[in-house]
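Note that the protein sequences, when read in sequence, are chains A and B.
Taking the numbering used here, the leading residue of the first sequence gets 145, the next gets one more, and so forth.
Taking the numbering used here, the leading residue of the second sequence gets 729, the next gets one more, and so forth.
Take a look at the structure below.
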Amino acid sequence: MARGTRSRAARTLRDNRIAEKEREQLARIMSPQVYQHVVEAFRGPVSAEVFGSIVQALAHKTSPEEIQLVNKWLGFLEAEASEIARFRRRVDAWKRRAAFWDRQADHLERRAAEAQAKAKACAKLPPSGAVFLLACFVRPGREDELLGDAESQYRHMMARLGPRQARWWYRIYVLRVASAMLPGAVARVLILHKLLGLWNAHR
Amino acid sequence: VARDIGPFEFEILATLLAQPRDAYGLTIRDRIKERGGREPSVGAVYTALERLERRGLISSWWGEPTEERGGRRKRLYKIEASGELAARRWGARLAGFNAAVPAWS
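Here it is as structure tokens:
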């Protein structure tokens, strides 16, 4: 809270305390309806009608002390009304801020739920790195056969052992298959290298 | 042709003879495991299948993609007449050895 705001609020409270006695005096002077108006005016912004009704009700009181008292009261009411309006504006700002953070929280919750769903879906799939490695060793055109067989076995293992162990099983499986297919893969790379060399020489 | 195939290739051919329909890499491996009691390595099965197909002893074609395989297709295998002949020759040789075994003991 700003320094000026705090001091203004403190001043208003002090004035209110001073006004307590005067309020009692005013209650004695005013008719009960008018006094009710004044009390209500404290709860919300003071309207011109309320001021008007207070002044009208007290018009016949000609004593200068009483007029001074009424004027003082009107000053209090105005100050309080402006304070209330200011607090209301601040509350509105807090509400807007709260709504903003609510929206942020909703957004994050949604993101978290999406990430969780994605992680769950990913757990159903074999580890992508291992799949890529296996695809590197398979002879071109035969990927569906080997990767498909591996995936169906992975699903079977996942049902039997759970996702964590199944993923490890898959990695070991890939290493075993890759080690068996390594000579073929190396030969393919060498042949390709040779062909590229011939092509470059031809150019 | 019979001389060219090895014991493991014979096992694959025998499996294909016993299971003429819907045989693919996984089932062939499982059958060999059931019959022989040992688990052949995955790579060995696929390379042997490729080799046999290259020699014309078996033939293969693509099946339908399935959800269980992540939308990938199966490669189905079928034994050819030459493969059957090679397997029978191997079988006959084994039967000869088998008959000789009691005489050795």
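Note that the Cβ used here is the ideal one computed from N, Cα and C, for glycine as well.
All of these numbers come straight from a predicted model, not from anything done at the bench.
Residue i classed as buried or exposed, judged by whether at least 16 other C-beta atoms fall within 10 angstroms
i, result
"B/T743", "buried"
"A/V235", "exposed"
"A/I335", "exposed"
"A/R295", "Note on identity: in this sequence residue 295 of chain A is Glu, with Arg being the wrong assignment. It counts as buried."
"A/W217", "buried"
"A/R247", "exposed"
"A/L291", "buried"
"B/L741", "buried"
"B/A828", "exposed"
"B/R800", "buried"
Expected contact under 8 Å - CB spacing of residue i and residue j to nearest Å
i, j, result
"A/E289", "B/G771", "Going by Cβ atoms, the distance from A/E289 to B/G771 rounds to 13 Å, so no, they are not a contact pair."
"B/K806", "B/G791", "Wrong, their Cβ atoms sit about 12 Å apart, outside the cutoff."
"B/E808", "B/I786", "6 Å"
"B/W818", "B/F738", "4 Å"
"B/P748", "B/I760", "That belief does not hold up - the Cβ atoms of B/P748 and B/I760 are roughly 16 Å apart, past 8 Å."
"A/P307", "A/A267", "4 Å"
"B/A814", "B/I733", "5 Å"
Cβ neighbours of residue i in the same chain (closer than 6 Å, five flanking residues each side left out)
i, result
"A/F281", "A322, M325 and A329"
"A/L228", "The amino acid occupying residue 228 of chain A in the given sequence is Ile; Leu does not appear at that position. Cβ within range, chain order: n/a, list empty."
"A/A237", "none"
"A/A261", "none"
CB contact below 8 Å: residue i versus chain C
i, result
"B/R803", "Of the chains in the structure shown, none is chain C; the protein chains are A and B."
Same chain, Cβ closer than 7 Å to residue i, neighbours up to 5 away in sequence not counted
i, result
"A/K239", "none"
"B/D750", "L804"
"B/Y774", "G753"
"A/R283", "G328"
"A/Y298", "P270, A310 and Y314"
Distance, residue j Cα to residue i Cα
i, j, result
"A/M349", "A/R311", "This structure leaves residue 349 of chain A out entirely; chain A is present only between 145 and 347."
"A/L269", "A/L305", "15 Å"
"B/L822", "B/R783", "22 Å"
"A/L339", "A/A331", "12 Å"
"A/W245", "A/L252", "10 Å"
"B/A820", "B/A776", "22 Å"
"B/S810", "B/E781", "11 Å"
"B/R779", "B/A746", "20 Å"
"A/H133", "B/F736", "This structure cannot settle anything about residue 133 of chain A, because the visible part of chain A is limited to 145 through 347."
"A/A256", "B/E812", "59 Å"
"A/R241", "A/E258", "26 Å"
"A/A345", "A/A274", "37 Å"
"A/R320", "A/D293", "14 Å"
"A/R233", "A/D250", "25 Å"
"A/L300", "B/G824", "It should be noted that the sequence gives His, not Leu, for residue 300 of chain A. Rounded to the nearest angstrom, the two C-alpha atoms are 41 Å apart."
"A/A265", "B/D758", "29 Å"
"A/S272", "A/A263", "13 Å"
"A/F231", "A/A243", "18 Å"
Own chain residues within Cβ distance below 8 Å of residue i, not counting five before or after
i, result
"A/A279", "E287 and L291"
"A/A146", "Its pLDDT being 49, under 50, A/A146 is placed unreliably by the model, and nothing is read from it."
Cβ-heavy atom distance, residue i to the ligand ATP, below 7 Å
i, result
"A/A237", "As for the ligand ATP, it is missing from this structure, which has no ligand bound."
(Q) For the segment 785 to 795 of chain B against the segment 306 to 315 of chain A, do three or more pairs of beta-carbon atoms, one drawn from each stretch, fall closer than 8 Å, so that the two count as touching? (A) Result no; under three Cβ-Cβ pairs closer than 8 Å.
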